[in-house]
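Reading the sequence shown from the start, the letters are residues 10 to 267 in my numbering. Just so you know, even glycine gets a beta-carbon here, dropped at the ideal spot from N, CA and C. For clarity, every value in this text was computed on a predicted model and none was experimentally measured.
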Amino acid sequence: MDDDGNKKATVKDELNRIFSLSGDSASNEEIRSRLLDGGQVTGTNMCVLVCAMVIASVGLNVSSTAVIIGAMLISPLMGSILASAYASVAADYSLLRKHTIGFGIQIAISVTAAAIYFLLSPVKEPTVELLARTSPTFFDVLIAFFGGLAGIIGQTRQDKANTVIPGVAIATALMPPLCTCGYSIANGRWDMLLGAGYLFIINTYFIFMSAGIILSVLKIPKMRDLTPKEWKTRRFRMIVNTILIMLPSIAAVYFMMH
Numbered sequence: 010m011d012d013d014g015n016k017k018a019t020v021k022d023e024l025n026r027i028f029s030l031s032g033d034s035a036s037n038e039e040i041r042s043r044l045l046d047g048g049q050v051t052g053t054n055m056c057v058l059v060c061a062m063v064i065a066s067v068g069l070n071v072s073s074t075a076v077i078i079g080a081m082l083i084s085p086l087m088g089s090i091l092a093s094a095y096a097s098v099a100a101d102y103s104l105l106r107k108h109t110i111g112f113g114i115q116i117a118i119s120v121t122a123a124a125i126y127f128l129l130s131p132v133k134e135p136t137v138e139l140l141a142r143t144s145p146t147f148f149d150v151l152i153a154f155f156g157g158l159a160g161i162i163g164q165t166r167q168d169k170a171n172t173v174i175p176g177v178a179i180a181t182a183l184m185p186p187l188c189t190c191g192y193s194i195a196n197g198r199w200d201m202l203l204g205a206g207y208l209f210i211i212n213t214y215f216i217f218m219s220a221g222i223i224l225s226v227l228k229i230p231k232m233r234d235l236t237p238k239e240w241k242t243r244r245f246r247m248i249v250n251t252i253l254i255m256l257p258s259i260a261a262v263y264f265m266m267h
């Protein structure tokens with residue numbers, strides 16, 4: 010092989026080394042324990058969740074960005090999404106059902122807590138912070154996807170002192186859209202409910218998908234091997250779901266630019 014060939018091979022090897030995810034990844038047992046523990050729906054998590062929802066609702070109600078950020082930092086919602094992604098990649102469908110149901114319960118309690126707050130709040134007019142969560146675009150898809158990538162990469166490292174998750178929690182913003190849904194229900198603003206609900210779906214789905222991609226790259230052990238037909242069906246569903254969820258956000262960018 011000539012010098013150019015050796016140089017290309019060296020550069021490729023160096024890039025592979027730099028961007029390798031397996032070099033400092035935690036063990037499969039540690040990753041499983043960390044993700045599933047983070048996704049448990051316990052009394053403590055639910056109490057923290059309600060507190061976070063009330064704090065975020067107050068922040069949205071008075072347009073305080075600092076208060077909203079504080080609520081996002083203590084919210085346990087992302088843990089359930091990452092645990093569900095792990096269960097999906099591991100083909101552990103009983104575990105996936107458990108965490109999906111738990112996530113659904115968290116959503117219901119979150120929206121209820123926010124709706125109760127906004128029913129009691131004397132400030133009824135939608136603030137700038139509330140309105141900002143009602144018009145999602147393709148840029149929100151990018152934030153959710155790359156935020157999810159950063160989040161799951163941080164969670165699967167050997168170093169437990171994770172500095173990535175707080176930033177991801179702020180960037181992907183799971184709490185404010187749910188609070189906005191609560192506001193919409195409390196004040197009969199169904200137009201806002203549609204936009205905020207769609208933003209929450211975007212964030213949830215693309216965090217879930219990006220986490221699944223990284224866990225697949227790390228070769229998380231599976232409960233059972235999927236047949237070629239099952240793999241084909243899973244890929245087809247993922248592509249269709251991704252397109253269906255992205256289309257409205259792409260259309261929003263198009264109309265925004267024209």
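>> Quick check on DSSP: helix, strand or coil for R233?
In response: coil
> In terms of residue numbering, what span does the alpha helix (DSSP H) encompassing S219 cover?
Replying inline: 199-226
>> Quick test of your reading: G204 and T136, contact by CB under 8 Å. State the CB separation rounded to the nearest angstrom.
In response: Rounded, the Cβ-Cβ distance is 15 Å, inconsistent with contact.
> By Cβ distance below 7 Å, which residues in the same chain neighbour P230 in space, the five residues on each side in sequence not counted?
Replying inline: N37, A99
> Applying the criterion that 16 or more other CB atoms from any shown protein chain within 10 Å of the CB defines a buried residue, is G156 buried or exposed?
Replying inline: buried
> Of the choices A117, A123, V57, Y214, whose alpha-carbon is the least far from that of A195?
Replying inline: A123
> Opposite R43 in the DSSP bridges: which residues?
Replying inline: R43 pairs with nothing; no bridge assigned.
>> Taking 6 Å as the limit between beta carbons, can you name the residues of its chain near I254, skipping five residues before and five after?
In response: Y214
> Quick one: what does DSSP say S34 is sitting in, helix, strand or coil?
Replying inline: strand
> Under 9 Å, do M81 and P185 count as touching if we go by C-beta distance?
Replying inline: yes
>> By the DSSP assignment, the alpha helix (DSSP H) with K107 in it spans what residues?
In response: 102-129
> With 16 other CB atoms within 10 Å as the buried threshold, where does N250 fall?
Replying inline: exposed
> How would you call V150, buried or exposed, if buried means at least 16 neighbouring beta carbons within 10 angstroms?
Replying inline: buried
> Around the Cβ of D33, are there at least 16 other Cβ atoms within 10 angstroms (buried) or fewer (exposed)?
Replying inline: exposed
>> Let me check understanding here. Comparing Cα to Cα, which of I78, G48, I116 lies closest to K107?
In response: G48
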